[in-house]
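Residue numbers (full-length UniProt numbering): 1 to 124.
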C-alpha cells in the first residue's frame with residue numbers, strides 16, 4: 001500500500017479487523033472442489049475488462065452496496081469479495097456486514113495475488 005495515503009490505509013486496516021478474510025489459495029481450492037459460493041469482483045469496470053477470476057461476477061465497489069440486495073436477497077448467502085490487492089474488498093465486505101450480511105469474506109491478496117500464484121484468468 002505504498003502508494004496509498006495514510007488515512008486510507010488506516011480505514012482499510014480498521015475494516016480488515018472487522019471482516020473475515022481468506023487467502024487466494026483458499027478460494028482456488030474451493031473452486032477446484034466445486035464448492036458453492038458467490039464470488040464478486042469489486043474492482044472498476046476497466047480492471048474487470050482486463051481479466052478476472054473464473055466464476056466471478058462484477059459488482060464494483062461504487063455500486064455493490066446499492067445493488068447487492070437485488071442480487072443477493074438472503075443475508076446468509078456466502079460471498080467472497082476481491083479487488084486488486086484486498087483493501088477495497090475489505091471496505092466493501094465491512095459495508096455489507098453493516099447492512100446485515102452475515103457470511104461475507106474478503107480475499108486477501110486480491111487479483112494481483114491470484115495472478116502471481118499462477119491461477120487462471122479469464123476475460124468476457
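For glycine and all other residues, C-beta sits at the position ideal for the given N, C-alpha and C.
Note that this is a predicted model, so its numbers are computed, not measured.
So, under 8 Å CB-CB, residue i and residue j are touching, yes? Tell me the CB distance rounded to an integer number of Å.
i	j	result
residue 84	residue 111	6 Å
residue 38	residue 99	Incorrect: roughly 15 Å between the Cβ atoms, too far for contact.
residue 12	residue 108	Wrong, their Cβ atoms sit about 11 Å apart, outside the cutoff.
residue 75	residue 101	5 Å
residue 71	residue 60	That belief does not hold up - the Cβ atoms of residue 71 and residue 60 are roughly 13 Å apart, past 8 Å.
residue 64	residue 92	5 Å
At which residues does the beta strand (DSSP E) containing residue i begin and terminate?
i	result
residue 68	That residue, residue 68, is in no beta strand (DSSP E); its alpha helix (DSSP H) goes 64-71.
Return the residue from the list the options that minimises the CA-CA distance to residue i.
i	options	result
residue 24	122, 92, 113	113
residue 116	28, 76, 77	28
residue 9	120, 123, 118, 87	87
residue 123	36, 26, 46, 19	46
residue 62	96, 4, 50, 14	96
To which residues of the same chain is residue i closer than 6 Å at the C-beta, ignoring the five residues directly before and after it?
i	result
residue 1	A caution first: residue 1 carries a pLDDT of 48, below 50, which makes its placement in the model unreliable, though a value can still be read off. Once the five neighbours on either side are set aside, the close Cβ partners of residue 1 are 9.
residue 50	none
residue 57	40
residue 16	90
Residues in its own chain within less than 8 Å of residue i by CB, not counting five upstream and five downstream?
i	result
residue 67	59
Residues in its own chain within less than 7 Å of residue i by CB, not counting five upstream and five downstream?
i	result
residue 89	42, 81, 82, 83, 106, 107, 110
Problem - Entirely enclosed alpha helix (DSSP H) segments - the UniProt domain "Rhodanese" (33-123), minimum 4 residues - result: For the UniProt domain "Rhodanese" (33-123), whole alpha helix (DSSP H) runs of length 4 or above, ordered along the chain, are 45-49, 64-71, 87-98, 110-116.
Problem - Completely contained alpha helix (DSSP H) runs for the region 5-29, where each covers 4 or more residues - result: Entirely contained in the region 5-29, the alpha helix (DSSP H) runs reaching 4 residues are, in chain order, 6-18.
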